[in-house]
Amino acid sequence: MARLRILVVEDSTTVRRRMLEILAGDPGIDIVGEAADGKAAIALAMSLRPDIISLDMMLPVMTGLAATEYIMAHAPTPILIVSASTNRGEMHRTYDALAAGAVDVLEKPTGLEREGEWERRYLAAIKMAARIKVITHPRARLNGAHVEMRVPAATEPGRIALVAFGASTGGPAAMLALLQALPAPFPLPLLLTLHIGEPFGGAFAEWLDGQSGHRVALAVDGDPVARPGAGLRLAPPSRHLIVEGGLLRLSDEPERNSCRPSVDLMFESLAASHGASVAACLLTGMGRDGAAGLLAIRRAGGTTIAQDEASAIVFGMPREAIRLGAAQRVLPLAAIGRAVSELAVTELAART
Numbered sequence: 002m003a004r005l006r007i008l009v010v011e012d013s014t015t016v017r018r019r020m021l022e023i024l025a026g027d028p029g030i031d032i033v034g035e036a037a038d039g040k041a042a043i044a045l046a047m048s049l050r051p052d053i054i055s056l057d058m059m060l061p062v063m064t065g066l067a068a069t070e071y072i073m074a075h076a077p078t079p080i081l082i083v084s085a086s087t088n089r090g091e092m093h094r095t096y097d098a099l100a101a102g103a104v105d106v107l108e109k110p111t112g113l114e115r116e117g118e119w120e121r122r123y124l125a126a127i128k129m130a131a132r133i134k135v136i137t138h139p140r141a142r143l144n145g146a147h148v149e150m151r152v153p154a155a156t157e158p159g160r161i162a163l164v165a166f167g168a169s170t171g172g173p174a175a176m177l178a179l180l181q182a183l184p185a186p187f188p189l190p191l192l193l194t195l196h197i198g199e200p201f202g203g204a205f206a207e208w209l210d211g212q213s214g215h216r217v218a219l220a221v222d223g224d225p226v227a228r229p230g231a232g233l234r235l236a237p238p239s240r241h242l243i244v245e246g247g248l249l250r251l252s253d254e255p256e257r258n259s260c261r262p263s264v265d266l267m268f269e270s271l272a273a274s275h276g277a278s279v280a281a282c283l284l285t286g287m288g289r290d291g292a293a294g295l296l297a298i299r300r301a302g303g304t305t306i307a308q309d310e311a312s313a314i315v316f317g318m319p320r321e322a323i324r325l326g327a328a329q330r331v332l333p334l335a336a337i338g339r340a341v342s343e344l345a346v347t348e349l350a351a352r353t
């Protein structure tokens with residue numbers, strides 16, 4: 002089996018040496034290069050064509066974000082962002098990099114981890130990210146242009162009362178693209194469960210709020226689902242988001258599919274509470290979380306959509322839903338935005 006070829010980019014000599022020692026200890030990994038700034042990272046990525054890049058965000062000469070944008074436009078390579086969670090600005094740049102095509106993020110070691118814990122997580126993240134097939138990303142940013150919509154005759158006005166999304170790897174970029182395609186303010190409540198680590202959840206909500214043109218915040222236990230002007234509510238890291246009696250509830254129940262928050266739990270609660278009046282979209286992600294929940298919503302009469310393979314960073318979660326027969330429609334990401342926008346138009350038509 003071919004060894005995994007990795008390029009390590011980190012400006013701190015101490016941190017970079019630690020990363021190199023960890024990687025050198027794995028017989029399945031070959032370190033093909035190292036860099037201390039973004040410009041050198043680009044040059045090495047273009048010349049060496051590694052299988053995976055471990056990339057810091059805060060770099061001299063050229064930032065990690067700028068390096069990500071250039072590499073994904075000219076030499077698409079899976080990129081694992083290794084970022085500090087103590088700096089809010091750095092975390093926001095991390096999500097900019099994920100939107101530009103980086104596939105995942107790992108928090109830098111804090112010094113509080115148990116011996117060997119961070120090393121194991123780093124190796125696992127590298128190997129997982131390297132498995133993801135990446136595509137060329139345009140360097141131009143999405144402009145969030147106004148979406149012109151028409152009421153589709155096939156959609157029953159006023160039937161949908163809520164739209165829910167589930168995502169994992171590749172989810173930050175997918176949700177940004179979706180929200181930028183939706184009219185603002187959006188007339189229906191929006192819920193999102195995204196698999197995201199503890200240090201990055203709050204910063205992701207802030208970043209998405211600032212980038213998308215919609216209000217985005219972490220869900221609050223006891224908040225009414227249909228609260229006007231709520232925008233998108235996001236499951237907090239390490240807590241399940243469910244709906245009971247018209248209220249959002251946060252739960253510390255055990256993991257489902259090795260995930261907390263779990264998309265399955267959110268979808269299943271919506272199937273029970275909203276039935277045919279919920280629309281659910283299962284987006285890019287590794288594993289099978291969300292597939293059974295999407296099926297529960299379809300069986301309850303709700304509207305179900307899965308992202309297609311061509312537009313998904315990782316097709317695992319949507320593929321499992323399709324295999325179960327849970328998805329009424331399988332759509333590319335851009336078409337999902339249009340479909341959800343049409344739901345908003347029909348709801349406005351019903352109200353007026």
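Be aware that the sequence shown starts at 2, since it is given in this note's numbering, and climbs by one per residue. All residues carry an ideal CB built from backbone N, CA and C; glycine is no exception.
Cβ pair residue i, residue j closer than 8 Å
i: isoleucine 7; j: isoleucine 30; result: yes
i: glycine 302; j: alanine 277; result: yes
i: valine 164; j: alanine 280; result: yes
i: isoleucine 82; j: threonine 64; result: no
i: glycine 338; j: methionine 267; result: no
i: leucine 344; j: isoleucine 161; result: yes
i: glycine 34; j: proline 51; result: yes
i: leucine 107; j: tyrosine 123; result: yes
i: leucine 56; j: aspartate 12; result: no
i: aspartate 265; j: alanine 293; result: yes
i: serine 1; j: histidine 241; result: Here the chain comprises residues numbered 2 to 353, so residue 1 is not present and cannot be evaluated.
i: arginine 250; j: aspartate 290; result: no
Own chain partners of residue i with C-beta closer than 6 Å, once the 5 adjacent residues on each side are dropped
i: arginine 234; result: Leu192 and Ala220
i: leucine 209; result: Val217
i: alanine 36; result: Val10, Ala42 and Leu45
i: alanine 68; result: Gly39, Ala42 and Ile43
i: alanine 85; result: Glu91 and Lys109
i: glycine 223; result: Leu248
i: histidine 147; result: Here histidine 147 scores only 33 on pLDDT, less than 50, and its place in the model is too uncertain to base an answer on.
Inter-residue Cα distance where the pair is residue i and residue j
i: leucine 99; j: leucine 66; result: 9 Å
i: serine 342; j: glutamate 91; result: 32 Å
i: serine 270; j: proline 184; result: 27 Å
i: proline 319; j: glycine 171; result: 12 Å
i: phenylalanine 316; j: threonine 285; result: 6 Å
i: glutamine 181; j: glycine 230; result: 17 Å
i: serine 252; j: isoleucine 32; result: 42 Å
i: isoleucine 314; j: serine 169; result: 10 Å
i: threonine 111; j: valine 346; result: 47 Å
8 Å Cβ shell around residue i - same chain, five flanking residues per side excluded
i: proline 333; result: Gln308, Asp309, Ala311 and Ser312
i: alanine 340; result: Ile306, Arg330 and Leu332
i: proline 190; result: Ala162, Leu163, Val164, Val226, Ala227, Arg228, Ala231 and Arg234
i: arginine 324; result: Ala292
Span of the beta strand (DSSP E) around residue i
i: histidine 93; result: Per DSSP, histidine 93 belongs to no beta strand (DSSP E); it is in the alpha helix (DSSP H), 89-100.
i: arginine 240; result: First-last for arginine 240: undefined, no H or E at that position.
i: leucine 327; result: Looking at the sequence shown, residue 327 is not leucine but alanine. Alanine 327 -> no beta strand (DSSP E), and no H or E assigned at all.
i: alanine 218; result: 217-219
i: glycine 34; result: 30-36
i: leucine 192; result: 191-195
i: isoleucine 53; result: 53-56
i: serine 213; result: That residue, serine 213, is in no beta strand (DSSP E); its alpha helix (DSSP H) goes 202-213.
Cutoff 7 Å; reference residue i; Cβ partners in own chain excluding five residues on either side
i: proline 225; result: Gly247 and Leu248
i: arginine 299; result: Thr305, Ala327 and Gln329
i: phenylalanine 205; result: Tyr96, Pro173 and Ile197
i: alanine 76; result: Ala46, Met47 and Arg50
i: proline 238; result: Ile197, Gly198, Glu199 and Gly202
i: alanine 126; result: Leu81, Asp105 and Leu107
i: arginine 19; result: none
Where the alpha helix (DSSP H) through residue i begins and ends
i: glycine 167; result: No alpha helix (DSSP H) contains glycine 167, which is instead part of the beta strand (DSSP E) from 163-168.
i: threonine 16; result: It should be pointed out that residue 16 corresponds to valine in this sequence rather than to threonine. Taken as a continuous stretch (DSSP letters only), the alpha helix (DSSP H) holding valine 16 covers 14-25.
i: alanine 178; result: 172-182
i: aspartate 253; result: Counting along the chain, aspartate 253 falls outside any alpha helix (DSSP H), and DSSP gives it neither H nor E.
i: isoleucine 7; result: Looking at the DSSP string, isoleucine 7 is not in any alpha helix (DSSP H); the run it does join, the beta strand (DSSP E), is 5-10.
Taking the runs of the alpha helix (DSSP H) that are 4 residues or longer, which of them lie wholly in the stretch 272-309? Runs of the alpha helix (DSSP H) lying entirely within the stretch 272-309 and spanning at least 4 residues, in chain order: 292-300.
Which runs of the alpha helix (DSSP H) spanning at least 4 residues fall entirely within the stretch 100-138, listed in chain order? Within the stretch 100-138, the complete alpha helix (DSSP H) runs of at least 4 residues are 118-131.
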